[in-house]
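Engineer: Right, I'll just put the structure down here and ask away after.
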Amino acid sequence: DLKLLCISNKTASPQVLPKTTEGRAQLLNLYLYQPEFGLVWGNSIAFSQIDFYRAYLSDTKKRFAIFAKDLKNKSRNHLKLKGIPVFTFTKDFNPINYLYGVKSLSGLLYVSHKANNLKYMNNLKDIIHVYSGHGNSEKHTSSFRIANVHDFVMRTDLTAAMKFVENGVQLTMDRFLLIGGTPVPGTIYEKEPSSKLENILYIPTWEGHSDEVNFSSEDESMYNAIQSFLNNENYSFQIKEHPGFGSKKKELKEISTKFKNLSFFIKQKSKSSLFNWSDIAITDISGVLPEYLFTGKPIIIPVDKESWKYKYIQETNLIKHCYIWFYKEVSLKDFLQSIKHDPLREFRIQIRDKLFLRAESVEDLSEIFENALTYIQSTYLQRELKRLHSDTYLKHYLNKQEKLNKIPENLELQKCIQDIRSGKNFLEVIS
218 DLKLLCISNK
228 TASPQVLPKT
238 TEGRAQLLNL
248 YLYQPEFGLV
258 WGNSIAFSQI
268 DFYRAYLSDT
278 KKRFAIFAKD
288 LKNKSRNHLK
298 LKGIPVFTFT
308 KDFNPINYLY
318 GVKSLSGLLY
328 VSHKANNLKY
338 MNNLKDIIHV
348 YSGHGNSEKH
358 TSSFRIANVH
368 DFVMRTDLTA
378 AMKFVENGVQ
388 LTMDRFLLIG
398 GTPVPGTIYE
408 KEPSSKLENI
418 LYIPTWEGHS
428 DEVNFSSEDE
438 SMYNAIQSFL
448 NNENYSFQIK
458 EHPGFGSKKK
468 ELKEISTKFK
478 NLSFFIKQKS
488 KSSLFNWSDI
498 AITDISGVLP
508 EYLFTGKPII
518 IPVDKESWKY
528 KYIQETNLIK
538 HCYIWFYKEV
548 SLKDFLQSIK
558 HDPLREFRIQ
568 IRDKLFLRAE
578 SVEDLSEIFE
588 NALTYIQSTY
598 LQRELKRLHS
608 DTYLKHYLNK
618 QEKLNKIPEN
628 LELQKCIQDI
638 RSGKNFLEVI
648 S
């Protein structure tokens, strides 16, 4: 009985049920599946950010669902996440208004800080709200004041947590959940050092929302440096361009096309296969840098010596474990020759072990993430125990659980419901 389940936490009165078939299908999927955790995009889903969670979601034993305003005109199949339902806004279905009826829900994880996040928090005051983000980097945007509205903030390590404190964000240490660096499924950690520097991978970031956060090196000078380098046949070179490059500055599409027209550009290859293929990476300050650090292989950051980015790098730890290449002054061939003995390896591995909590596999990191989820659930249950002291709330809680557990006598409906609850299949509207 959807009317009995759709109770507002503010008014204790039934919510308006969706009238469209699509809205009712989403509502039934939500209440029958009963997710324990939600991954929230306050606005449209960012498909590139899904990759930061792919390893966790494929290994987790928790029941996850995804909530987003829309899928940018793409289908749910585009996510390639089997067994995890996706709930989007329609004209008569907004998951924010119905999540109060999901009594299994322990916490919501917010991928970015958007205004819509506050609506989830306001409607669901009793669950645990966690800022989980979408990767880790040395950018100055990696700490922000609004973090203190969350119950917990997930960070890679103590250094990442301390950035908030250093920037005056009022968060005590017990509100950080340290989960290690973000793993890329299929990536291999090369424990043994190698002097081989033949396979070069270029992983530039995008231009950012403004010049102040534009860490991209993908420009005409870099193109000339790479093109000249390709004349040397002793090396193999591939590029994995950021999917958002050129989205803010349309004039950059021309340089992007130039890179794509080079013979080494391979769009289809996965990030992990390119990481494993490469001997060394050239990358900017972005989330992909610590991702690649998991491999233990050398990292080059290309930068203009006269730019603000070089001054910025000098104030970080990057200069201690990454090779800084002044690409407008030194050829890539000569620069690789100068670092062929990898003098920064020892310190780089120390940083790598600290960032990834000494994990040697993606599975190790998934287990750490799973433990953080269990801690969130435990915190939520403690909060629930305090509320259950109220007899009125206890009767209301048990009544809703009883309604959820009822199964119809029709065998076909029973199978449909069990499939939804197990995440095997979900209701879809065929247009």
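So the number in the working numbering is just where the residue sits in the sequence shown, counting from 1, plus 217.
Even glycine gets a Cβ: it sits at the ideal position worked out from N, Cα and C.
Using DSSP bridges, identify the partner residues of residue 500.
Structural biologist: Note: residue 500 sits in a beta bridge opposite 420.
Engineer: Does at least one heavy atom of the ligand COA sit under 8 Å from the Cβ of residue 415?
Structural biologist: Only the bare structure without any ligand can be found here, which leaves the ligand COA out of the picture.
Engineer: How is residue 282 classed by DSSP in three states: helix, strand or coil?
Structural biologist: The answer is strand: DSSP assigns residue 282 an E or B state.
Engineer: Grab the span of the alpha helix (DSSP H) containing residue 538 for me, first residue to last.
Structural biologist: Taken as a continuous stretch (DSSP letters only), the alpha helix (DSSP H) holding residue 538 covers 535-538.
Engineer: Does the stretch 388-395 come within contact of the stretch 424-438, defined as at least 3 CB pairs closer than 8 Å?
Structural biologist: Counting Cβ pairs under 8 Å, fewer than three are found: no touch.
Engineer: Between the beta-carbon of residue 422 and the beta-carbon of residue 489, is there less than 9 Å?
Structural biologist: No, Cβ-Cβ distance for residue 422 and residue 489 is not below 9 Å.
Engineer: Beta-carbon within less than 6 Å of residue 629's beta-carbon, same chain only, minus the 5 sequence neighbours each way: which residues are those?
Structural biologist: Correct list: empty, nothing qualifies.
Engineer: Compare the C-alpha of residue 239 against each of 454, 306, 291 and name the closest.
Structural biologist: Minimum Cα distance to residue 239 is reached at 306.
Engineer: Along the chain, which unbroken stretches of the alpha helix (DSSP H) at least 4 residues long are found entirely within the stretch 399-480?
Structural biologist: Listed in chain order, they are 437-446, 470-478.
Engineer: Pull up the distance between the alpha-carbon of residue 550 and that of residue 439, whole angstroms please.
Structural biologist: Cα to Cα, the separation comes out at about 13 Å.
Engineer: With residue 293 as the anchor, note down where its alpha helix (DSSP H) starts and where it stops.
Structural biologist: Here residue 293 belongs to no alpha helix (DSSP H), and DSSP marks it neither H nor E.
Engineer: Should residue 502 and residue 522 be called a contact, given that it needs their Cβ atoms to be closer than 9 Å?
Structural biologist: No, the Cβ-Cβ distance between residue 502 and residue 522 is not below 9 Å.
Engineer: Just curious, the alpha helix (DSSP H) that residue 591 is in, first and last residue?
Structural biologist: Where residue 591 is concerned, the enclosing alpha helix (DSSP H) stretches over 579-604.
Engineer: Looking only at DSSP bridge pairs, what is residue 254 linked to?
Structural biologist: BP columns for residue 254 point to 281, 324.
Engineer: For the structure I just gave you, are there three or more beta carbon pairs, one from the stretch 532-548 and one from the stretch 509-520, closer than 8 Å?
Structural biologist: The stretch 532-548, when compared against the stretch 509-520, does touch it at the 8 Å Cβ threshold.
Engineer: I'd like to know if the stretch 554-572 and the stretch 457-469 are in contact, where contact means that at least 3 CB-CB pairs between them fall below 8 Å.
Structural biologist: The answer is no - the stretch 457-469 does not touch the stretch 554-572, with fewer than three Cβ pairs under 8 Å.
Engineer: Which partner residues does residue 673 have in the DSSP bridge list?
Structural biologist: The requested residue 673 does not occur in the structure, where the chain is confined to residues 218 to 648.
Engineer: Check each candidate in 534, 270, 558, 249 and name the one with the smallest Cα separation from residue 583.
Structural biologist: Ranking 534, 270, 558, 249 by Cα distance to residue 583 puts 270 first.
Engineer: Can you tell me the Cα-Cα spacing of residue 370 and residue 351, whole angstroms?
Structural biologist: When rounded, the distance between both Cα atoms is 12 Å.
Engineer: Using alpha carbons as the reference points, say which of 263, 308, 326, 598 lies closest to residue 296.
Structural biologist: Out of 263, 308, 326, 598, 263 has the C-alpha closest to the C-alpha of residue 296.
Engineer: Pull up the DSSP beta-bridge partners for residue 566, would you.
Structural biologist: The partner list for residue 566 (beta bridge, DSSP) is empty, contrary to what the question assumes.
Engineer: Helix, strand or coil for residue 236? Go by DSSP, reduced to three states.
Structural biologist: Residue 236: coil per DSSP, three-state reduction.
Engineer: Look at the alpha carbon of residue 639 and the alpha carbon of residue 329, and state the distance between them as a whole number of angstroms.
Structural biologist: Distance between the alpha carbons of residue 639 and residue 329: 28 Å.
Engineer: Go through its chain and collect everything with a Cβ distance to residue 346's Cβ below 6 Å, but skip five positions before and after it.
Structural biologist: Answer for residue 346: 325, 338, 367, 368, listed in chain order.
Engineer: Which of helix, strand or coil does DSSP assign to residue 369?
Structural biologist: Residue 369 falls in the strand class under three-state DSSP.
Engineer: Just reading off the beta strand (DSSP E) that residue 511 is part of, what are its end residues?
Structural biologist: Looking at the DSSP string, residue 511 is not in any beta strand (DSSP E), and its letter there is neither H nor E.
Engineer: From what residue to what residue does the beta strand (DSSP E) around residue 394 run?
Structural biologist: Looking at the DSSP string, the run of the beta strand (DSSP E) that includes residue 394 is 393-395.
Engineer: Would DSSP call residue 358 helix, strand or coil?
Structural biologist: A caution first: residue 358 carries a pLDDT of 49, below 50, which makes its placement in the model too unreliable to give a value.
Engineer: Looking at the unbroken alpha helix (DSSP H) that takes in residue 637, where does it start and where does it end?
Structural biologist: Per DSSP, residue 637 belongs to the alpha helix (DSSP H) from 628-639.
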